[in-house]
Structures are given as structure tokens and as C-alpha cells.
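Protein chains in written order, with UniProt numbering: chain A, 1 to 161; chain B, 1 to 161.
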DNA sequence: CGATAATGTCTTGCGTGCGATTTAATTGCC
DNA sequence: GGCAATTAAATCGCACGCAAGACATTATCG
């Protein structure tokens with residue numbers, strides 16, 4: 001109805017794109033995925049698959065639920081993703097004999113070996129940027145993630161803490 | 001081959017998930033989208049559609065290219081998205097008579113009116129978080145975005161600067 | 001003026017993400 | 001032991017996001 005012309009100096013338009021925290025995060029994620037794409041493509045990995053491998057290279061085997069807790073994803077996303085990676089020969093999926101509800105993901109030799117080829121990815125990506133402030137930014141965003149995760153009903157809260 | 005056991009104190013494993021800047025950004029974006037979802041659902045908007053509307057509420061009409069430059073997206077993403085929004089009656093799309101290559105996006109009355117219902121979204125989302133540090137974090141991520149955008153061949157660089 | 005290059009959008013194919021539902025297995029509870 | 005509640009994955013439908021290519025329009029250059 002009105003033009004909202006009553007806002008004086010103090011309260012600015014809350015809908016300005018540049019006031020949102022969500023937009024830079026959204027844009028940065030998209031841009032980063034675009035930059036990672038060609039580099040990871042040489043390893044026949046997509047961006048989410050790469051993140052999955054990072055988790056598995058750290059600890060392995062792991063259940064789908066544990067992977068999801070770490071990456072803040074659920075089985076609706078992970079199941080098809082892992083099936084593609086299984087098809088690519090990077091890992092195998094099998095029901096946990098002790099609890100047939102769970103599916104345990106195990107790296108194949110091919111999956112383990114790929115790690116050596118991935119070792120250069122971080123520095124390739126960092127090429128050109130000075131790491132100044134990046135560490136602090138990463139920690140700040142990580143703090144935001146932990147706050148957001150608390151407010152999330154999904155992503156099973158089976159945290160270690 | 002080897003276990004990479006030669007890393008002494010100085011150089012840690014570059015593939016640790018917690019060393020990556022990309023992962024918190026990825027997780028934060030996903031979590032944020034999940035939190036925005038239900039709120040925006042009441043306005044029959046998705047998260048990317050909401051960002052689109054933020055741009056259009058600021059300036060309108062705009063070409064698809066201009067929208068893409070602002071959101072760091074290309075027409076491959078925007079065209080189907082805008083068609084859905086057109087189908088929802090929020091906007092109209094028409095070729096620019098002065099340059100038939102361009103498509104100009106114009107808000108309908110319904111699209112303009114929706115803004116008043118969206119005004120409460122930012123504070124609804126911020127509910128619970130203290131804005132302490134959020135502004136600084138937003139600016140830091142924005143700086144990262146502008147750096148990433150420079151390295152991106154896509155997202156037509158027709159910047160105002 | 002005509003051929004060619006550049007530009008802006010559309011289309012296609014594929015891989016996520018997510019809400020919602022379904023199915024199977026385990027836990028609780030009596 | 002038996003049955004409801006809970007849990008873990010899988011499945012389904014939909015909406016992105018992107019690379020690559022197709023297409024029409026405009027600009028450029030000889």
C-alpha cells in the first residue's frame with residue numbers, strides 16, 4: 001500500500017540484497033563449486049563427492065548416518081550420491097551385520113589411492129589468493145554453521161559433544 | 001603408497017575437512033536454505049526465488065543478464081526459475097524491442113505486493129541469533145565473493161565498476 | 001552490403017539437495 | 001514373547017545449478 005517511506009535514518013530497508021548474510025554465502029558457494037568443478041573433474045569427482053571423500057579419507061568405514069551428521073546432509077541426498085560413487089568404483093556399500101538398518105560405506109583401493117591425486121587440490125584452489133584472513137573467515141563461518149545446525153530439526157543431532 | 005607420515009608439525013594434512021574454507025560455506029548455505037524454506041514457503045517462494053525477488057524489488061524491470069550478474073548465475077539457471085515465477089504470476093518476461101536478444105523481466109502487481117509480506121522474513125530468520133559479528137561476517141564473505149568472481153570466467157563481468 | 005564474430009537467451013542432460021513418504025530393522029515396554 | 005514407537009535408509013517428486021550446445025539477434029569488419 002504505502003511506499004514504506006517512513007523509514008528514517010536508523011532503520012534501513014531490511015530487504016536490500018546487500019544486507020542479507022544469506023546471499024554472500026549462497027554466491028560464494030556457487031562460485032566455489034564452479035571453480036572446483038574443472039579441478040575435481042580431472043579426478044572424476046563432483047564437488048559434493050569430493051567433500052564425501054574428504055570425510056572418508058579421514059575415517060573409514062562409516063555409516064551413511066555418520067557421513068550425514070558430518071556433512072549436514074540426509075540420506076535423501078547421500079544415498080544416490082554414494083550409489084554413483086559406488087558405480088565409479090570408489091567405495092562399496094553394505095548393510096551392517098550388527099544392525100541391518102545401517103549401511104556401512106567402505107573405500108575401495110581405488111578410492112584410497114585417489115587421495116594422493118587429491119592432495120594437490122587445496123593448493124591448486126588456493127593459487128592466487130593470499131590466505132590472509134581466510135582462516136579467520138573459515139572459523140567464523142564454522143561458528144555460524146554450528147549455530148544454524150542447532151536450530152535445524154534435520155541432520156540428526158548425534159553430535160560427539 | 002606411503003602413509004604421508006613425513007609431515008612434521010608445520011605442514012598438516014591439507015585434506016582435512018576442517019581445514020577447508022569451502023565446507024563451512026557449503027554447509028552454511030545448505031542449512032540456511034533449509035531454515036528459509038518453511039518461512040518462504042508461506043509466500044510460495046523458494047530460496048533462490050526469494051533472492052531473485054530481492055533484486056527485482058530493488059530495481060525493476062531488469063534483463064536476465066543483469067539479474068545473473070547480480071546473483072552470479074547464468075541463464076541456464078535463471079531461465080527455468082523465472083519461468084516458474086512467471087507461472088506463479090509474480091512477473092512477466094518479454095523480449096526487449098530495442099534488442100531482441102534480451103529478455104526483460106517485469107514484476108506484476110502481485111509480485112510487487114508480495115514485498116510487504118516478505119518484509120518480516122529477515123527478522124523472522126534472525127530471531128534467536130544476536131546480530132553480533134554477523135555484519136562483519138557478511139562483509140568478509142562478500143569480499144571473498146568479489147575475489148572469487150574475478151577468477152570466474154562465467155557470470156558476465158559487466159560490473160558497474 | 002555481406003560474411004563473420006560476438007552477444008543474450010534457451011535447451012538439454014546430469015548431479016545434487018530437500019521435503020515427504022515408505023520400508024525394514026531395532027528398541028521399549030508390558 | 002509380542003506389539004507399538006523409534007531409527008536408518010531408500011524412494012519419489014520437485015527445484016535448482018551448471019556445462020555444453022543450439023539458436024536468433026546484433027555488432028563488426030572488410
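Note that CB positions come from ideal geometry on N, CA and C, so glycine has one too. In this text, all values refer to a predicted model and were calculated from it rather than measured experimentally.
Taking only the alpha-carbon atoms, compute the straight-line gap between residue 127(A) and residue 141(B) and give it to the nearest angstrom.
Here residue 127(A) refers to the residue found at position 127 of the first chain. Here residue 141(B) refers to the residue found at position 141 of the second chain. The alpha-carbon atoms of residue 127(A) and residue 141(B) are separated by roughly 18 angstroms.
On the criterion of 16 or more Cβ atoms from any shown chain inside 10 Å, does residue 145(A) qualify as buried, or is it exposed?
The residue labelled residue 145(A) in the question sits at position 145 within the first chain. Under the 10 Å beta carbon count, residue 145(A) is surrounded by 16 or more other beta carbons and is classified as buried.
Can you have a look at residue 98(A) and say buried or exposed, based on whether 16 or more other CB atoms are within 10 angstroms of its CB?
Position 98 of the first chain, counted from the first residue, corresponds to residue 98(A). A residue is called buried when at least 16 other Cβ atoms come within 10 angstroms of its Cβ; residue 98(A) does not meet this threshold and is exposed.
Measure the beta-carbon distance from residue 104(A) to residue 61(A) and round it to whole angstroms, keeping in mind my assumption that it falls under 8 angstroms.
On the first chain, residue 104(A) is found 104 positions in, with the first residue counted as 1. On the first chain, residue 61(A) is found 61 positions in, with the first residue counted as 1. Rounded to whole angstroms, the Cβ separation of residue 104(A) and residue 61(A) is 5 angstroms, and the two are in contact under 8 angstroms.
My output table needs one value for residue 108(B): the three-state DSSP class, helix, strand or coil.
The count along the second chain starts at 1 and reaches residue 108(B) at position 108. In the three-state DSSP reduction, residue 108(B) falls in the coil class, being neither helix nor strand.
For residue 83(A) and residue 94(A), what's the separation of their Cα atoms in angstroms?
Locating residue 83(A) in the first chain gives position 83, where the first residue counts as 1. Locating residue 94(A) in the first chain gives position 94, where the first residue counts as 1. Cα to Cα, residue 83(A) sits roughly 11 angstroms from residue 94(A).
Which value, in whole angstroms, describes the spacing of the CA atoms of residue 133(A) and residue 139(A)?
Sequence index remark: in the first chain, residue 133(A) carries index 133 (1-based). Sequence index remark: in the first chain, residue 139(A) carries index 139 (1-based). CA-CA distance, residue 133(A) to residue 139(A), rounds to 10 angstroms.
C-alpha distance - residue 86(B) paired with residue 28(B), whole-angstrom precision
Start at 1 with the first residue of the second chain, and residue 86(B) comes out as number 86. Start at 1 with the first residue of the second chain, and residue 28(B) comes out as number 28. So the two alpha carbons sit approximately 29 angstroms from each other.
Please say whether residue 90(A) and residue 111(A) have beta carbons closer to each other than 8 angstroms?
Within the first chain, numbered from 1, the residue matching residue 111(A) stands at position 111. Within the first chain, numbered from 1, the residue matching residue 90(A) stands at position 90. Closer than 8 angstroms, so yes.
Cross-chain neighbours of residue 54(B) in chain A, by beta carbon under 9 angstroms
Within the second chain, the letter at position 54 stands for residue 54(B). Those are 15, 16, 17, 20, 23, listed as they occur along chain A.
Please work out which residues of its chain come closer than 6 angstroms, Cβ to Cβ, to residue 150(B), disregarding the five sequence neighbours upstream and downstream, and give them in chain order.
In the second chain, residue 150(B) corresponds to position 150, counting from 1. Within the same chain, residue 150(B) has no close Cβ partners at all.
Out of 31(A), 21(A), 69(A), which one is the CA nearest neighbour of residue 152(B)?
Taking the second chain and counting its residues from 1, one reaches residue 152(B) at position 152. The shortest C-alpha separation from residue 152(B) is found at 31(A).
Going by the beta-carbon positions, is the gap between residue 54(A) and residue 45(B) smaller than 8 angstroms?
Counting from 1 along the first chain, the entry for residue 54(A) is found at position 54. Counting from 1 along the second chain, the entry for residue 45(B) is found at position 45. No; because the gap between Cβ atoms is not below 8 angstroms, this pair is not in contact.
Contact set for residue 48(A): own chain, Cβ-Cβ below 7 angstroms, skip 5 residues either direction
Residue mapping note: residue 48(A) aligns to position 48 of the first chain, counting from 1. The beta carbon of residue 48(A) sits closer than 7 angstroms to those of 81, all from its chain and outside the five residues before and after it, given in chain order.
Can you tell me whether residue 20(B) is buried or exposed, with buried defined as 16 or more other CB within 10 angstroms of its CB?
Counted from its first residue, the second chain places residue 20(B) at position 20. When all chains shown are included, residue 20(B) counts as buried.
Rank 101(A), 116(A), 57(A) by C-alpha distance to the C-alpha of residue 75(A) and give the top, closest one.
Translated into positions along the first chain, residue 75(A) becomes position 75. Cα-wise, what sits closest to residue 75(A) is 101(A).
Which chain A residues sit within Cβ distance under 9 angstroms of residue 29(B)?
In the second chain, residue 29(B) corresponds to position 29, counting from 1. At a beta-carbon threshold of 9 angstroms, the residues of chain A lying near residue 29(B) are 22, 25, 26, 28, 29, 30, ordered along the chain.
Quick check: residue 92(B) and residue 113(B), are their CB atoms within less than 8 angstroms of each other?
Reading the second chain from its first residue, position 92 is the one you call residue 92(B). Reading the second chain from its first residue, position 113 is the one you call residue 113(B). With respect to the 8 angstroms criterion, residue 92(B) and residue 113(B) are not classified as neighbours on the basis of their beta carbons.
Find out if the Cβ-Cβ distance for the pair residue 125(A), residue 36(A) is shorter than 8 angstroms.
Residue mapping note: residue 125(A) aligns to position 125 of the first chain, counting from 1. Residue mapping note: residue 36(A) aligns to position 36 of the first chain, counting from 1. Cβ atoms of residue 125(A) and residue 36(A): closer than 8 angstroms.
Given a cut-off of 8 angstroms, decide if residue 43(A) and residue 118(A) are closer than it, judged by their beta-carbon atoms.
Within the first chain, residue 118(A) is the residue found at index 118, counting from 1. Within the first chain, residue 43(A) is the residue found at index 43, counting from 1. Cβ atoms of residue 118(A) and residue 43(A): closer than 8 angstroms.
Identify the continuous alpha helix (DSSP H) that holds residue 84(A) and give its terminal residues.
Counting from 1 along the first chain, the entry for residue 84(A) is found at position 84. Unbroken alpha helix (DSSP H) run through residue 84(A): 75–87.
So which of 39(A), 12(A), 23(A) has the shortest CA-CA distance to residue 120(A)?
Here the question's residue 120(A) lines up with position 120 in the first chain. With distances taken between Cα atoms, residue 120(A) lies closest to 39(A).
Identity of the residue in 147(A), 116(A), 143(A) nearest residue 13(B) by Cα:
In the second chain, the residue the question calls residue 13(B) occupies position 13. Among 147(A), 116(A), 143(A), the Cα nearest to that of residue 13(B) belongs to 116(A).
So the beta strand (DSSP E) residue 95(A) belongs to, where does it begin and stop?
Residue 95(A) sits at position 95 when you count from the first residue of the first chain. 91–96 is the extent of the beta strand (DSSP E) around residue 95(A).
For a contact defined as C-beta to C-beta under 8 angstroms, what are the partners of residue 110(A) on chain B?
On the first chain, residue 110(A) is found 110 positions in, with the first residue counted as 1. The premise fails here: residue 110(A) is roughly 14 angstroms from chain B at the closest Cβ pair, so nothing lies under 8 angstroms.
Return no unless some Cβ of chain B is closer than 8 angstroms to the Cβ of residue 141(A).
Taking the first chain and counting its residues from 1, one reaches residue 141(A) at position 141. Yes, because at least one Cβ of chain B sits closer than 8 angstroms to the Cβ of residue 141(A).
Supposed contact pair residue 73(A) and residue 57(B) - C-beta distance, whole angstroms, cut 8 angstroms:
Your numbering for residue 57(B) matches position 57 in the second chain. Your numbering for residue 73(A) matches position 73 in the first chain. The distance from the Cβ of residue 57(B) to that of residue 73(A) is about 32 angstroms, inconsistent with a contact at the 8 angstroms cut-off.
Which partner residues does residue 62(B) have in the DSSP bridge list?
Reading the second chain from its first residue, position 62 is the one you call residue 62(B). In DSSP, residue 62(B) forms a bridge with 105(B).
Contact with chain A by residue 75(B), beta-carbon distance below 8 angstroms:
Here residue 75(B) refers to the residue found at position 75 of the second chain. By this cut-off, residue 75(B) is not an interface position.
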